[in-house]
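One structure is given here, and the rest of the page talks about it.
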Amino acid sequence: MASVTGEYDVATEVSIGLVNCVLAAIHENENRAYPRLCHSLTASVDDAYRGAADPIPESERTGIRTTVEVQLSTPTVSLPVDALADTLWSRSRQPVRTAARGGPLGPWGRPTCWPSISARLRLRAWLRDTPAELPEFVHGDLYLTAGLVRTVLWQWHPLPPRRRTFLGLDHSAGPEVRFEPAAGATLTDQQRVLVERIVRNAFRGDSEPVSVELQLPPEVHRFDYKLQPTGARPSAMLLFTLSDSPPGPQGPGSVGARFLPGGADFAVAVGRDYLLGLLRRELLGGLPPEYERSGTFWRVSLRPDWNGATFDLQPGRILFSISGDGRITYGVAPLSTTDDFSFTVRLAVTLQVVGGQVRPALVGDPEIELHGVFAFESLINDAARNAIKAGLQARLDPVPADLRDALDVGRYLKTMMSTLHPADPGVALTGVQIRADGVVVAGTVALAPSRPVTVRRADLNGRADALESWIPGGTIDRFVWDGHLEEHRFVTENPIAAIQGCLSVQGTRVTRGGGLVPVAAEDCPLVVALLPVLTGLPTPAVPCRRLLLPLLAGGPGEGVEVVGHYDPWASGLAPRQGPTNLLVHFAERPWAEAARTIAEALAATRHRDAALIVLGVLGPGELPRAATVALKGDATVLLAEDSTGSWADTFGTPKRPTTVLVGPNGAVRWKDQEALDPAKLARALDEHLEPGGKVAWWPLRLAVPTGGRAPDAPLRLGDGRQLALRRLRGGSVVLSFWTSCSEPSVEQLRQLRDALETGRVDRPHIFGIGDGEDPQQVSRLAEREQLPFPLIADPERSIARRYGVSCWPTTVQIGLDRSVEATDLGLVPGVSLCERQTLGDMGHLTNNVIL
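Every letter in the sequence shown is one number past the one before it in this note's numbering, and letter 742, counting from 1, is 744.
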């Protein structure tokens, strides 16, 4: 009878849904000891012909050069119907040979036909140096089809020899590439073909073959596979030979009907001949050649023919059959009588899942046939039945080690998956089906992506950039920037270094079984660029004498409003993604003119890849208009008004215009006090810019997180008394940190005052903390504003430091249990934390703040 596994001993059929779920788990993995899949990258595309050594013919090159940011989804695999690559020798995969380190490699396997697989990836690309032939943004589905290659290598050193098996994609001819633009994306057919050629050439000429070494159990002598693209559930079959004898001439083609049941992620089939031989070898060896039973005036001797015993597979059971002969002696000597007889016993064996393992067990009572019995038939029947059943049960309790290991069918999948992902794959067996052609064990796999959606954004070239946002194991469908929807790109216009109030990432994630579930995440932190730490320049301790940058929020129409200020050096951190340069320009004329000149210089410098932050220092009242101006160049732009003259004093620039270039070490490298000249500035950038870095970003946040215990800082009241927070009873506490050099922080105090006028009884305790302010300044403000709550002087910043305040205003709401319930950085227009408390709404509001 044909075996369910064809010419192989064991076969595992896995659904393509499980394959996609495993790929999604790999997509979320960031452990470098395991395979990883890229989700975002910045790359230089150079598809120009490279001369005679170029593996790509000149006619196939597009000539396009650009810098591109690429965002990729998790890949999903499908199986093309009737797709079979040409027969090629495995030895052509030289990179795989190189991967097998440790000694010379021995003989290679026979030629292998490579069935094809297709992978689909959602792609978004921003071509920052937009070539004339392509649009600036590309969005769509990328389909890659290539042969799936099995390569077997022998490693002879160190001894003993070791067989290594690799799976990878055929790299010799390059993949078939197809690109389908997303609905609503603007891409002509000619541009689509260009994208396909660029991707295909990159795979053929610039990438190494992707190969994964399979960790197979040591008893596996040969591994093959077969893809099943048709039917409701496409699948892949993994085929194993556990003996030295290779499979027959049909190989994978000998495996006929599929056996994966509905609801299962995988099924392991154990071939008929392999299983029956295993049962005979493990259960019938070492059994007694004879059994004796005796009673009053009788004695029975049984001699089973263990060598002639058989196992047979029948639907729902394994039938064990054994024959033998015996002798019964009864009576009292010299009148005793001896009769000879023969017998056949049949006993059913089943397979059950017990504790995650397949275990054999006897079922029911044996069937027995007796021949040549003339007396005591019932006695002989019981003796034979009990002896055979007891003998077989003794072999099953405990199960022989080799049989137990052979029936641990889930370990084939566990072993292979252990090299793909650090998490336990959660392989579980769910049922056993005994068939005439073999045994099929179904199961599920718990491995699935589970990490939270990552929302990250930065600023580049006048745009807010969410390149590094991603859905681990999933696909981003859209970005929502403060209500503004972006489906085809991961950036949005933002002329100055601005992280908008909230970014929402929405899409789907692959779940168990290969299905999709909707996921989304939103993040609303204030994120600021890390500037080089200044050296040799004064850095006063209190806010009003330090260099502050404005927090900006969208104002009426397309304008902006200043809603606070922050200290860009408060973190104490140096830029952590390589050298970062700072160009400070004290503008005399409108910023739009300065921005055009700086952009010309940036386009002309040979250090266009350098990390550069451009800071425009403006006169009073100029910032709202300047904030709408985009600087066309690879630079992060910050703007500030110097109403107090602190920026000019720090950099020693009493006159405008002045331009200062600060190096990554914080020292001034170049200074010019004349009108901006693009050629002159470009030469200075060529000479002094330090390339190789990337602008790093740091979230503005307090030292105490939401939910954390509020520091019990003593509050010194105007009459000299000190009040501890823990002594306040009967309500929540609101601390509003302000400084006299940030008008929005004083405005926040006014809004708290207005909120208290709602007249609610359950009002919170409010304290205005004058960060760096002395008692005289605090008294003057209290008298001018007539605030109905205490203002606390904090001249040494003892309270502000405990909370980690570096932004004004900062408002902290502390609950009855003295934990931080909510915080706001910057002015919250129209409603305050106090008002939310008195109105009974404890939800957290967030500014639409840009930096």
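For every residue, glycine included, the Cβ atom is placed at its ideal position computed from N, Cα and C.
Quick caveat: nothing in here was measured; it's all calculated off a predicted structure.
Buried or exposed for residue 306, please, with buried defined as at least 16 other CB atoms from any protein chain shown within 10 angstroms of its CB. As a first step, residue 306 must be located in the sequence shown, where it is residue number 304. By the neighbour-count criterion, in which a residue is buried when 16 or more other Cβ atoms sit within 10 angstroms of its Cβ, residue 306 is buried.
When the Cβ atoms of the region 794 to 803 are set against those of the region 710 to 720, are three or more pairs found closer than 8 angstroms? Inter-segment contact for the region 794 to 803 and the region 710 to 720 is present: three or more beta-carbon pairs are separated by less than 8 angstroms.
Would the region 290 to 304 count as touching the region 324 to 339 if we require 3 or more Cβ pairs under 8 angstroms? Touching, per the Cβ criterion.
Select from 615, 473, 231 the residue whose C-alpha is nearest the C-alpha of residue 450. The sequence position of residue 450 within the sequence shown is 448, counting from 1. Nearest of 615, 473, 231 to residue 450, Cα basis: 473.
Going by the beta-carbon positions, is the gap between residue 509 and residue 29 smaller than 9 angstroms? Here residue 509 corresponds to residue number 507 of the sequence shown, with the count starting at 1. Here residue 29 corresponds to residue number 27 of the sequence shown, with the count starting at 1. Here residue 509 is not near residue 29, since their CB atoms are 9 angstroms or more apart.
The alpha helix (DSSP H) with residue 194 in it runs from where to where? Within the sequence shown, residue 194 is the residue found at index 192, counting from 1. Counting along the chain, the alpha helix (DSSP H) containing residue 194 begins and ends at 191 to 208.
Along the beta strand (DSSP E) that carries residue 365, what are the first and last residues, could you check? The count along the sequence shown starts at 1 and reaches residue 365 at position 363. That run of the beta strand (DSSP E) goes 359 to 373.
Among 315, 52, 191, 69, whose alpha-carbon lies nearest the alpha-carbon of residue 3? If you number the sequence shown from 1, residue 3 lands on position 1. Nearest of 315, 52, 191, 69 to residue 3, Cα basis: 315.
Beta-carbon separation of residue 213 and residue 151 under 9 angstroms? Against the sequence shown, residue 213 aligns to sequence position 211. Against the sequence shown, residue 151 aligns to sequence position 149. With contacts defined by Cβ atoms closer than 9 angstroms, residue 213 and residue 151 form a contacting pair.
How would you label residue 657, buried or exposed, when you count the other beta carbons within 10 angstroms and need 16 or more for buried? Walking along the sequence shown from the start, residue 657 turns up at place 655. So residue 657 counts as exposed.
Mapping the DSSP letters down to three states, classify residue 272 as helix, strand or coil. To locate residue 272, count along the sequence shown from 1; it is residue 270. Reduced to three states, the DSSP call for residue 272 is strand.
Exposure of residue 292, with buried meaning 16 or more beta-carbon neighbours within 10 Å: Start at 1 with the first residue of the sequence shown, and residue 292 comes out as number 290. By the beta-carbon neighbour count (other beta carbons within 10 angstroms, threshold 16), residue 292 is exposed.
Given that a residue counts as buried once 16 or more other Cβ atoms are within 10 Å of its Cβ, and exposed if not, what is residue 620? Residue mapping note: residue 620 aligns to position 618 of the sequence shown, counting from 1. Per the 10 Å Cβ criterion, buried.
Which one of 627, 537, 828 has the shortest CA to CA distance from residue 526? Along the sequence shown, read from residue 1 onward, the residue named residue 526 stands at position 524. Proximity to residue 526 across 627, 537, 828 peaks at 828, based on C-alpha coordinates.
Given a cut-off of 9 angstroms, decide if residue 640 and residue 616 are closer than it, judged by their beta-carbon atoms. For this step, residue 616 is matched to residue 614 along the sequence shown. For this step, residue 640 is matched to residue 638 along the sequence shown. Yes, the pair counts as a contact, with Cβ atoms nearer than the cut-off.
DSSP bridge partner residues for residue 672 (one or two, in chain order): Residue mapping note: residue 672 aligns to position 670 of the sequence shown, counting from 1. Partner(s): 663.
Which residue or residues does DSSP assign as beta-bridge partners of residue 583? What you label residue 583 is simply residue 581 of the sequence shown in a count that begins at 1. According to DSSP, residue 583 bridges with 614.
Within 10 Å of its beta-carbon, does residue 100 have 16 or more other beta-carbons around it, so buried, or fewer, so exposed? What you label residue 100 is simply residue 98 of the sequence shown in a count that begins at 1. The predicted model places residue 100 with a pLDDT of 40, which falls under 50 and marks its position as unreliable; any figure quoted below should be read in that light. Around the beta carbon of residue 100, fewer than 16 other beta carbons lie within 10 angstroms, which makes this residue exposed.
Since residue 17 is in the beta strand (DSSP E), which residue starts that stretch and which ends it? Indexing the sequence shown from 1 puts residue 17 at position 15. Residues 12 to 17.
If you count every other CB in all the chains shown that lies within 10 Å of the CB of residue 83, and 16 or more means buried, which is it? Against the sequence shown, residue 83 aligns to sequence position 81. It is exposed - the Cβ of residue 83 has fewer than 16 other Cβ atoms within 10 Å.
As assigned by DSSP and simplified to three states, the class of residue 809: Translated into positions along the sequence shown, residue 809 becomes position 807. Note: residue 809 maps to strand in three-state DSSP.
Which same chain residues, not among the five before or five after residue 276, have their C-beta less than 6 angstroms away from its C-beta? Mapped onto the sequence shown, residue 276 falls at position 274. Shown here for residue 276: same chain residues with a beta carbon closer than 6 angstroms to its own, the five before and five after excluded, namely 11 in chain order.
Buried or exposed (CB count within 10 angstroms, at least 16 for buried), residue 40: If you number the sequence shown from 1, residue 40 lands on position 38. The residue in question, residue 40, is exposed, as its Cβ has fewer than 16 Cβ neighbours within 10 Å.
State the DSSP-derived secondary structure class of residue 563, mapped to helix, strand or coil. For this step, residue 563 is matched to residue 561 along the sequence shown. Reduced to three states, the DSSP call for residue 563 is strand.
With 9 angstroms set as the bound, which would you pick, yes or no: does the beta-carbon of residue 565 sit closer than that to a beta-carbon of chain B? Among the protein chains of the structure shown there is no chain B, as only one such chain exists.
Once the 5 residues before and after residue 446 are set aside, which same chain residues still bring their CB inside 7 angstroms of it? Working through the sequence shown from its first residue, we reach residue 446 at position 444. For residue 446, where only same-chain residues beyond five positions count, the Cβ hits under 7 angstroms are 266, 267, 430, 432.
Identify the residues that DSSP records as bridge partners of residue 701: which are they? For the purposes of this step, residue 701 is identified with residue 699 of the sequence shown, where counting begins at 1. Per the DSSP secondary-structure output, residue 701 pairs in a beta bridge with 529.
When we look at the beta-carbon of residue 660 and count the other beta-carbons within 10 Å, is it buried (16 or more) or exposed? Along the sequence shown, read from residue 1 onward, the residue named residue 660 stands at position 658. Around the beta-carbon of residue 660, 16 or more other beta-carbon atoms lie within 10 Å, marking it buried.
Helix, strand or coil at residue 423 [DSSP, three-state]: For the purposes of this step, residue 423 is taken as the residue at position 421 of the sequence shown. The answer is coil: DSSP assigns residue 423 none of H, G, I, E or B.
With 16 other Cβ atoms within 10 Å as the buried cut-off, status of residue 253: Counted from its first residue, the sequence shown places residue 253 at position 251. That one is buried.
According to the neighbour-count rule (16 or more other Cβ atoms, all chains shown, within 10 Å of its Cβ), is residue 238 buried or exposed? For this step, residue 238 is matched to residue 236 along the sequence shown. Using a 10 angstroms sphere on the CB of residue 238, the tally of other CB atoms reaches 16 or more, which defines it as buried.
DSSP beta-bridge partners for residue 779? For the purposes of this step, residue 779 is taken as residue 777 along the sequence shown, with counting starting at 1. In the DSSP output, where bridge partners are listed per residue, residue 779 has none listed.
Can you tell me where the beta strand (DSSP E) holding residue 224 begins and where it ends? Position 222 of the sequence shown, counted from the first residue, corresponds to residue 224. Per DSSP, residue 224 belongs to the beta strand (DSSP E) from 224 to 230.
For residue 707, which of helix, strand or coil comes out of DSSP? The residue you call residue 707 lines up with position 705 of the sequence shown. In this structure, residue 707 counts as coil in the three-state DSSP scheme.
Counting Cβ pairs closer than 8 angstroms, one from the region 677 to 689 and one from the region 569 to 582, do we hit at least three? With the cut-off at 8 angstroms, the region 677 to 689 and the region 569 to 582 do not touch.
Whole beta strand (DSSP E) elements within the region 470 to 501, 3-residue minimum: As far as the region 470 to 501 is concerned, its whole beta strand (DSSP E) runs of at least 3 residues are 476 to 483, 486 to 488, 493 to 495.
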